[in-house]
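Okay, so here's the structure we're looking at.
There are 2 protein chains.
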Amino acid sequence: MVKKRVSSRRNRRVTLRDIAEATNVSVMSVSNVVNGKSQFVSRATRLKVEAAIKKLKYVPSATSRKLRSSQEFSIGMIIMDEAPVFLADPFICLLVAGLSNHLSSNNYSLTIQGVRPESFKQASLFSVAGTDALCAILCGSEADRRKNVEFMMGRHQPVVLFQDKLNIKASGIAMVSQDDEKGGHSITSHVISRGAKRLLFVRPLVQWPAIEKRLKGVKKAIARKKGVTLDILKCEESTFEKTQEALAEYLADAEVPDAILGGTDAMGIAAMRYCQDQDFDVPGEIMVTGFNGFSASNFSTPSLTTIISPAYEMGQLAGQLILDRLRTGRFSARNTLLPVSFKQGGSA
Amino acid sequence: MVKKRVSSRRNRRVTLRDIAEATNVSVMSVSNVVNGKSQFVSRATRLKVEAAIKKLKYVPSATSRKLRSSQEFSIGMIIMDEAPVFLADPFICLLVAGLSNHLSSNNYSLTIQGVRPESFKQASLFSVAGTDALCAILCGSEADRRKNVEFMMGRHQPVVLFQDKLNIKASGIAMVSQDDEKGGHSITSHVISRGAKRLLFVRPLVQWPAIEKRLKGVKKAIARKKGVTLDILKCEESTFEKTQEALAEYLADAEVPDAILGGTDAMGIAAMRYCQDQDFDVPGEIMVTGFNGFSASNFSTPSLTTIISPAYEMGQLAGQLILDRLRTGRFSARNTLLPVSFKQGGSA
DNA sequence: TTGAAAGCGGTACCAT
DNA sequence: ATGGTACCGCTTTCAA
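The listed protein sequences derive, respectively, from chains A and D. Numbering follows this note's numbering, with no gaps: position 226 of the first sequence is 226. Residues are numbered in this note's numbering as their position in the second sequence, beginning at 1, plus a constant of 1000.
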């Protein structure tokens, strides 16, 4: 005896079958209508079905489609940060916007999550999200980052890493970065050409590969110059107040630098405002620069000399790489480096 | 004859059944191990299964679980914006971070998407994401917003709206806002108490309900005061340059205002810097204020007098409301208004 | 153009 | 504590 579906059960979701029964059409025809495959459906059937869909308020189940077709149409993005406010940095926000928009226009969705470094593997994204591929921006030591990457690859999904340079020989991973080293070099050369001798690089305590690369560029620019020295100041966090506190402590018993190189725009501006509060003239007595300049670099007086980041484009590019990889089975580029540009402001 | 699963098929994903076969245990026991229900599994079985899981590199399928359990463990968030960079405003970023973190700690994931007003209904989030509930922050006329909300509710999911005040009598919707009217009132009263007579409110062209409420507060504060006037300047976009352009045009043939009230911090700072470039003293000749103050309000000289927004808390609260609603079937609050606070800076 | 049946990979439910 | 089986709602596949 054929089991009859109890269609009167309350609160049951309306399914393709309900539409099929209501219209005396097969489930497949309904499916074809829903998916706009009008080639396989007669006009009469389509109209009948569309009417029933409207009448019964049918909403397709994305999950069922995913399960059956073994595709998630969804990408996960993990943002590692020590602070809970993982979207505080405009760089991250632009990156995510670029990624999200590219995916959206290709009918993919983006699931995001911020995680603290110590609880990376517990991220609910991994257990509950259902993704076709993963993106991440990681901090920490190379060993730590490598472990986390291997964890992601253990999920049998392609991985795109931002702002990283891990040397991993696997076809499932790609990296998208901006040329931080060049940026660090440019901005340092600039202040040196303006006469700075004693430089101070202000950086967050946390190890971000991007910051290390900036610093590398800074050192390279100094290497050839006679009489130019570099101090490095680590700030516990990269907030306005913490940066100023750290700088105050440093200036208490160090010679005043000629130029302060901020690891980010926010740190640069915090430093600049502190110097001004101490009655130093910027850039007359102390030059100050930022990094990853967005609108905020215009907020200060003088405006901040900084390095402009292609963050939005990096997000877009990552989306493109991922979708191509899902289609073709291979990454068209494994290691992309996008150019940055120098922005002259009034602060250096 | 029992159909035997062809386990040699290449590239097939490893499933619970594979683990069950490999360990001579039932599928359910494997499931119970995977879900940590150790109450139902003997130690010996558990160990066997765990070993096989590691060996075969089993990764659970979130989607299958979702389909079977009729829960998505996922919330969607739609951010309506005319600009593609939908995460440009720190208010949105903090809101999203608060929401995401709350959901994550309850093992829910967050899917986000920015949409332009005219393509709201086509958002891929609706068709491909698979969510239990929806959040949104909308702009546009009340009629437009209402249509979009009705569209969301047509998906049979709870909806939480941020910064809105639509009067909708349905149990499936809740609203979470900050007290923008009070904020507008506070900041206006402040500049009036400092002697401002001619006020200029600078706002984006787009209709955000939050901006309308701020303006309402501004007008309320003025209503009782003799000799205080208000002009409203609409900027095409709320970017730095567009704000300054609009202001330049306004000042070309209007009397100089005593106070400029920025609709957001970014607009306030743009206005302030323009005034300073025109050699006006801030706050001596012109006072300037912002709204939704975050770290950027410290970036300017002088720092910006502004209204501090509980954006992160709003996100958290929305997460809490949603999860409660999914558990209990009803919203514990339908219309929440979070307090804002006044922040004294140097600009007014 | 239409339809019937299998099955995606889990969990609910019930029996033992 | 363990196992058998139906089934979540859709798409794939193949036959008509």
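Glycine residues also receive a C-beta, built at the ideal position from the N, C-alpha and C atoms.
Report task. Give the residues of chain A in contact with Ser1069 of chain D, contact being defined as C-beta atoms less than 9 Å apart. Result -> In chain order: nothing, as chain A lies at least about 10 Å away.
Query raised in the report: Counting along the chain, where does the alpha helix (DSSP H) carrying Pro1090 of chain D start and finish?
Result: Counting along the chain, the alpha helix (DSSP H) containing Pro1090 of chain D begins and ends at 1090-1105.
Query - Under 7 Å (Cβ pairs) to chain D, residues found in the region 89-106 of chain A - result: Cys93, Leu94, Val96, Ala97, Ser100, Asn101, Ser104
Report task. Indicate whether at least one CB of chain D lies closer than 7 Å to the CB of Ser186 of chain A. Result -> Ser186 of chain A does not count as touching chain D.
Report task. Name the two residues that bound the continuous alpha helix (DSSP H) containing Ala318 of chain A. Result -> 311-328
Requested in this report: Answer yes or no: do Gly1345 of chain D and Thr1301 of chain D have a C-beta to C-beta separation smaller than 7 Å?
Outcome: no
**Report entry** Cβ shell of Glu131 of chain A (< 7 Å), same chain only, five flanking positions each side left out
**Finding:** The question names Glu, but residue 131 of chain A in the sequence shown is Thr. Correct list, in chain order: Glu72, Ser74, Ile75, Gly76, Thr111, Gln157.
Query raised in the report: Helix, strand or coil: how does DSSP classify Pro1209 of chain D here?
Result: helix
Query raised in the report: Anyone know if the C-beta pair for Ser189 of chain A and Ala223 of chain A falls short of 7 Å?
Result: No, the Cβ-Cβ distance between Ser189 of chain A and Ala223 of chain A is not below 7 Å.
**Report entry** Val1228 of chain D to Met1287 of chain D span [Cα, whole Å]
**Finding:** 15 Å
Query raised in the report: Under the rule that 16 or more other beta-carbon atoms within 10 Å means buried, what is Lys1169 of chain D, buried or exposed?
Result: Within 10 angstroms of the beta-carbon of Lys1169 of chain D lie fewer than 16 other beta-carbons, which makes it exposed.
**Report entry** Cutoff 7 Å; reference Pro1060 of chain D; Cβ partners in own chain excluding five residues on either side
**Finding:** Val1034
**Report entry** Own chain, CB closer than 6 Å to Arg12 of chain A, minus 5 neighbours either side, in chain order
**Finding:** none
Query raised in the report: At least one CB of chain D closer than 7 Å to the CB of Lys35 of chain A: is that the case?
Result: Per the sequence presented here, residue 35 of chain A reads as Asn, with Lys not at that position. Not one chain D Cβ lies under 7 Å of Asn35 of chain A.
Query raised in the report: Taking 7 Å as the CB-CB cut-off, is Gly1293 of chain D touching chain A?
Result: no
Report task. Please classify Gln276 of chain A: does DSSP put it in a helix, a strand, or coil? Result -> helix
Query raised in the report: What residue does the alpha helix (DSSP H) around Gln1244 of chain D start on, and which one ends it?
Result: 1240-1252
**Report entry** beta strand (DSSP E) runs wholly inside the region 1163-1202 of chain D, at least 3 long, in chain order
**Finding:** Taken in chain order, the unbroken stretches of beta strand (DSSP E) that lie wholly in the region 1163-1202 of chain D and span 3 residues or more are 1173-1178.
Requested in this report: Would you please verify whether the beta carbon of Arg155 of chain A is less than 7 Å from any beta carbon of chain D?
Outcome: yes
Query raised in the report: Anyone know if the C-beta pair for Ala1052 of chain D and Ala1022 of chain D falls short of 7 Å?
Result: yes
Query - Under 8 Å from the C-beta of Ser1127 of chain D: neighbouring residues of chain A - result: Pro60, Ala62, Asn107
Query raised in the report: At least one CB of chain A closer than 7 Å to the CB of Pro1084 of chain D: is that the case?
Result: Closer than 7 Å: yes.
**Report entry** Residues near Pro1209 of chain D in its chain [Cβ-Cβ closer than 7 Å; skip 5 each side]
**Finding:** Gln1163, Asp1164, Lys1165
**Report entry** Where the alpha helix (DSSP H) through Lys48 of chain A begins and ends
**Finding:** Element bounds for Lys48 of chain A: 43-56.
**Report entry** Contacts that Ile269 of chain A makes with chain D (C-beta to C-beta distance below 7 Å)
**Finding:** Phe1299
Query raised in the report: Would you report the Cα separation of Ser1141 of chain D and Pro1204 of chain D, rounded to the nearest angstrom?
Result: 14 Å
Query raised in the report: Is the beta carbon of Met1314 of chain D less than 7 Å from the beta carbon of Leu1337 of chain D?
Result: no
Report task. Take Leu251 of chain A as the anchor and find which of A:Ile211, A:Val218, A:Arg198, A:Arg325 has the nearest alpha-carbon. Result -> A:Arg198
Query - chain A contact residues for Gln1276 of chain D, given Cβ-Cβ distances below 9 Å - result: Thr301
Query raised in the report: Near Arg327 of chain A, which residues of its chain fall below 7 Å by C-beta distance, leaving aside the five closest residues on each side in sequence?
Result: none
Query - Below-7 Å beta-carbon distance, Ser1124 of chain D vs any chain A residue - result: Interface residue, yes.
Requested in this report: Using a Cβ cut-off of 7 Å (strictly closer), state whether Thr229 of chain A contacts chain D.
Outcome: With 7 Å as the cut-off, Thr229 of chain A does not count as an interface residue toward chain D.
Requested in this report: Taking only beta-carbon positions, decide if Pro204 of chain A is within less than 7 Å of chain D.
Outcome: Answer no: the Cβ-Cβ gap between Pro204 of chain A and chain D never drops below 7 Å.
Report task. Could you tell me which chain D residues have their CB closer than 7 Å to the CB of Phe73 of chain A, listed as they occur along the chain? Result -> Val1128
Requested in this report: Report yes if the CB atom of Leu99 of chain A is closer than 7 Å to the CB atom of Ala318 of chain A, and no otherwise.
Outcome: yes
Query raised in the report: Who are the Cβ neighbours of Ser1186 of chain D in its own chain at under 7 Å, not counting the five residues just before and after it?
Result: Contacts found: Ile1307, Phe1342.
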